[in-house]
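Residue numbers (numbering that gives the first Met the number 0), protein chains in the order written: chain A, 0 to 234; chain B, 0 to 234. Even for Gly, the Cβ is constructed at its ideal location relative to N, Cα and C. All values derive from a computational prediction rather than experimental measurement. Below is one structure, written out as C-alpha cells, with a few remarks after it.
Protein chains: 2
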Amino acid sequence: MKNMLLASTSTLHDQAYLDYLLLELKEFYSVGSQVLFIPYARPGGISHDDYTEKARAAFAKINLDLKGLHQFPNQVEAIQQAQGIFTGGGNTFLLVRTLYSLGLMQPLKEAVSQGTPYLGTSAGTNIAGLTMKTTNDMPIVYPPSFNTLGLIPFNINPHYLDPDPSSTHQGETRETRIREFHQFNNIPVVGLREGSWLAVKGKEITLMGSLSARIFLPDTAPYEIEPGASLKELK
Amino acid sequence: MKNMLLASTSTLHDQAYLDYLLLELKEFYSVGSQVLFIPYARPGGISHDDYTEKARAAFAKINLDLKGLHQFPNQVEAIQQAQGIFTGGGNTFLLVRTLYSLGLMQPLKEAVSQGTPYLGTSAGTNIAGLTMKTTNDMPIVYPPSFNTLGLIPFNINPHYLDPDPSSTHQGETRETRIREFHQFNNIPVVGLREGSWLAVKGKEITLMGSLSARIFLPDTAPYEIEPGASLKELK
C-alpha cells in the first residue's frame with residue numbers, strides 16, 4: 000500500500016530544516032529504520048555529501064538513521080531495499096535528469112508503489128506527480144523527459160504563492176502560469192502552500208497542515224479545499 | 000550589421016502595452032516598414048490572432064504596420080523577407096518548441112544576423128541568448144532543445160527581481176536560481192530589470208533605460224552595471 004508524505008517545502012520561515020514535519024515523520028517511518036536520502040536536486044548547488052549531512056542531522060533529532068543514495072555502489076538495489084525514502088528539494092530539472100541518467104526513475108516508482116514510505120519536499124514532491132511541468136524551478140539542465148513518477152494522478156505546484164495585489168512586477172503570477180499549463184495539458188494541479196502536505200495512504204489522499212490548497216482544472220475556475228479534504232477523486 | 004533591442008518586459012506597471020518603448024521603436028524600425036510579429040509565446044494562453052492584434056494596435060500608434068507570422072503560408076520566407084521582426088513575451092518553452100517544430104530557429108538566426116531589426120520582449124529576449132536555461136517560465140511543454148538563437152554571447156534573465164528582504168517565502172530567490180545555473184553552465188547571465196533593455200548594434204551591446212543591471216558569472220560575486228555601460232566584453 001502506497002504511503003507517501005508530499006510536502007510543499009522542507010522548511011518554514013524562522014524554523015530549522017524539516018522542524019515542522021518531525022513529529023509526523025516519527026510516525027511515518029518505522030521505529031529505528033534507516034532512511035535513504037536522494038540528494039540530487041542540490042538546492043543552491045550544495046554537494047551530495049553536504050546535503051545528506053543536513054538531512055541526517057534533522058532525522059537524528061527523531062532517532063532515525065539516514066544515508067545518501069550517492070553513497071551506495073548499487074543504487075537500484077539501495078532503492079529496492081530501502082526501509083524508507085526521502086527526496087529533498089532543490090532544482091527539479093537537475094533531480095529528474097539525474098534520476099533518468101542513473102536509471103532510477105522506474106525502480107523508485109516500483110518501490111514506492113509497493114509501499115516503501117516516501118517523503119518528498121518541494122522538488123521531491125514535484126516528481127511524485129505525473130509530470131514536472133508545474134515546477135517553479137529554472138531549467139538549468141535539460142532532462143530527457145518531463146514525465147515523472149506518476150505516483151499520484153495529478154501534478155503539484157509546491158511553494159504555491161497567491162498573487163500579491165500590491166505588486167507592480169509584470170512577471171506572470173503563479174495562477175497565470177498554471178492557466179498557461181492548462182492550455183496544453185489536461186492534468187489537475189494542486190497548488191500546495193508552504194506548511195501544507197498531502198498524506199497518501201493507498202488510494203486515499205488527504206490535505207494536511209493548517210492551510211487550504213488551491214485546485215486548478217482545465218476550463219474551470221480555481222477553487223480552495225480545506226485541511227482534511229480528500230483528493231482521491233482528483234484525476 | 001546586427002540591430003537588436005532586447006527588453007526585459009513589454010509593459011511597465013500602470014502603462015499600456017509597449018508604451019515605454021514606442022519612441023525607441025519609431026527610431027528602431029525604418030519609416031513605414033511592416034513588422035513581422037512572432038506570437039508563439041502566447042502569454043496567458045492568448046490566441047495567435049488576439050496577440051497579434053494587441054501588438055498591431057501598439058505599433059499603429061507609431062505608424063508601423065504589423066502582421067503575425069502565423070498568417071503567412073510560407074513562414075521561412077516571411078522571416079527571410081521581413082523588414083523588421085518582433086517576438087513578444089509569454090511562455091519561453093512554448094515559443095522555443097514552436098520555433099523548432101516549424102523549422103524557424105535557423106532562418107530567424109540568419110535573418111537577424113544579417114541585419115533585420117529584431118525586437119524581443121521577455122521570452123522574445125530570452126531566445127536571443129545562448130540557451131533558454133535562465134527563463135523564469137513554467138515548463139508547460141517539452142522543447143526538443145534548450146539551445147536558442149545565440150545572437151548575443153550570454154544569457155538574459157528578464158524580469159530580474161531583487162531578493163525581497165521582508166519575504167518569508169521559502170522558494171528560491173532569482174539570485175539563488177542563477178547560482179544553481181552556474182553550477183552546470185559557464186555562460187554569463189544578465190539580470191535585466193523591468194524597464195531596461197539591451198541595444199545591440201553590430202558588436203556593440205549597451206544597457207539602456209534608467210536602471211542598473213546585475214551581472215552573474217560563475218565563481219564570481221554578482222555585480223551591477225549602470226545604464227550606458229557596454230556589455231561587448233561579456234562572454
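Span of the beta strand (DSSP E), counted from its first residue to its last, around residue i
i	result
residue 65 of chain B	64-67
residue 212 of chain A	212-215
residue 92 of chain A	Looking at the DSSP string, residue 92 of chain A is not in any beta strand (DSSP E); the run it does join, the alpha helix (DSSP H), is 91-100.
residue 222 of chain A	222-224
Cross-strand partners of residue i (DSSP beta bridge)
i	result
residue 119 of chain A	A:5, A:86
residue 206 of chain B	B:197
residue 185 of chain A	Paired residue(s): none; residue 185 of chain A is not in a bridge.
residue 229 of chain A	A:205
residue 36 of chain B	B:67, B:85
residue 130 of chain A	A:146
residue 155 of chain A	A:189
Minimum C-alpha distance to residue i - residue among the options
i	options	result
residue 123 of chain A	A:139, A:167, A:43, A:89	A:89
residue 31 of chain A	A:233, A:77, A:94, A:82	A:82
residue 74 of chain A	A:50, A:96, A:103, A:93	A:103
residue 12 of chain A	B:167, B:234, B:215	B:167
residue 101 of chain A	A:119, A:142, A:80	A:142
residue 117 of chain B	B:129, B:130, B:87	B:87
residue 25 of chain A	A:4, A:39, A:45, A:10	A:4
residue 295 of chain A	A:9, A:15, A:41	Chain A is shown from 0 up to 234; residue 295 of chain A falls before or after that span and cannot be answered.
residue 199 of chain A	A:43, A:227, A:222, A:47	A:227
residue 159 of chain A	A:76, A:127, A:196	A:196
residue 215 of chain B	B:202, B:234, B:67, B:201	B:234
residue 219 of chain B	B:182, B:85, B:91	B:182
residue 34 of chain A	A:48, A:99, A:150, A:54	A:54
residue 96 of chain B	B:79, B:111, B:130	B:130
residue 36 of chain B	B:27, B:70, B:10, B:43	B:70
residue 9 of chain A	A:85, A:64, A:28	A:85
residue 162 of chain B	B:112, B:128, B:213	B:213
residue 29 of chain A	A:65, A:6, A:45	A:65
residue 152 of chain A	A:204, A:169, A:46, A:77	A:204
residue 273 of chain A	A:217, A:17, A:194	Residue 273 of chain A is absent from the model: chain A starts at 0 and stops at 234.
residue 77 of chain A	A:177, A:128, A:115, A:223	A:115
residue 201 of chain B	B:221, B:225, B:229	B:229
residue 169 of chain B	A:7, A:2, A:1, A:0	A:7
residue 157 of chain B	B:165, B:119, B:150	B:119
residue 236 of chain A	A:150, A:155, A:109	Outside the modelled stretch of chain A, which goes from 0 to 234, sits residue 236 of chain A, for which no answer is possible.
residue 16 of chain B	B:121, B:1, B:111, B:113	B:121
Run of the alpha helix (DSSP H) containing residue i, from where it starts to where it stops
i	result
residue 295 of chain A	One cannot answer for residue 295 of chain A here, as it falls past the ends of chain A, which runs 0 to 234.
residue 74 of chain B	74-80
residue 160 of chain A	Neither: residue 160 of chain A is in no alpha helix (DSSP H) and is coded neither H nor E.
residue 51 of chain B	47-59
residue 25 of chain B	21-27
Fill in: the stretch 155-168 of chain B: positions lying closer than 9 Å to chain A by Cβ
Considering only beta carbons, the part of the stretch 155-168 of chain B lying closer than 9 Å to chain A consists of 156, 157, 158, 160, 166, 167, 168, in chain order.
Worksheet entry | Any 3 or more C-beta pairs closer than 8 Å across the stretch 54-68 of chain A and the stretch 183-192 of chain B | No: fewer than three Cβ pairs fall under 8 Å.
Worksheet item: Is the stretch 125-144 of chain B touching the stretch 134-144 of chain A, taking contact as three or more C-beta pairs under 8 Å?
Response: Three or more pairs of CB atoms, one per stretch, sit closer than 8 Å, so the stretch 125-144 of chain B contacts the stretch 134-144 of chain A.
Item to complete: Spell out a yes or no on whether the stretch 20-28 of chain A and the stretch 59-79 of chain A are touching, meaning 3 or more CB-CB pairs, one atom from each, closer than 8 Å.
Response: Contact between the stretch 20-28 of chain A and the stretch 59-79 of chain A is present, because at least three Cβ pairs lie under 8 Å.
Practice prompt. Take every Cβ of the stretch 169-189 of chain A, pair it with every Cβ of the stretch 146-155 of chain B, and state whether three or more of those distances are shorter than 8 Å.
Written response: Cβ pair count under 8 Å is below three, so no.
Worksheet item: For the stretch 129-150 of chain A, which residues have a CB atom closer than 8 Å to at least one CB atom of chain B, in sequence order?
Response: Answer set for the stretch 129-150 of chain A: 131, 132, 133, 134, 135, 136, 137, 138, 139, 140, 141, 144, 145.
Worksheet item: So, do the stretch 208-219 of chain B and the stretch 171-178 of chain A have three or more beta carbon pairs nearer to each other than 8 Å?
Response: The stretch 208-219 of chain B makes no contact with the stretch 171-178 of chain A: fewer than 3 CB pairs, one atom from each, lie closer than 8 Å.
Worksheet item: Residues in the stretch 185-213 of chain A with C-beta within 8 Å of chain B's C-beta atoms, listed in sequence order?
Response: When CB distances to chain B are screened at a threshold of 8 Å, the residues of the stretch 185-213 of chain A falling below it are 193, in chain order.
Item to complete: Determine which residues of the stretch 82-106 of chain A have a Cβ less than 7 Å from any Cβ of chain B, and write them out in chain order.
Response: The stretch 82-106 of chain A vs chain B, Cβ under 7 Å: 90.
Item to complete: Select from the stretch 43-61 of chain A all residues with a C-beta closer than 9 Å to any C-beta belonging to chain B, and list them in chain order.
Response: Those residues of the stretch 43-61 of chain A placed with their C-beta closer than 9 Å to a C-beta in chain B are 43, 44, ordered along the chain.
Fill in: Near-chain A residues of the stretch 4-17 of chain B (beta-carbon distance less than 9 Å), N- to C-terminal order
The residues in question are 7, 8, 9, 10, 11, 12, 13.
Item to complete: Could you name the residues of the stretch 168-179 of chain A whose beta carbon sits closer than 9 Å to any beta carbon of chain B, in the order they occur along the chain?
Response: Within the stretch 168-179 of chain A, the residues whose Cβ lies closer than 9 Å to some Cβ of chain B are 168, 169, 170, 171, 173, 175, 176, 177, 178, 179, listed in chain order.
Worksheet item: At a Cβ cut of 9 Å, what residues of the stretch 19-45 of chain A count as close to chain B, listed as they run along the chain?
Response: Cβ contacts with chain B come from 41, 42, 43, 44.
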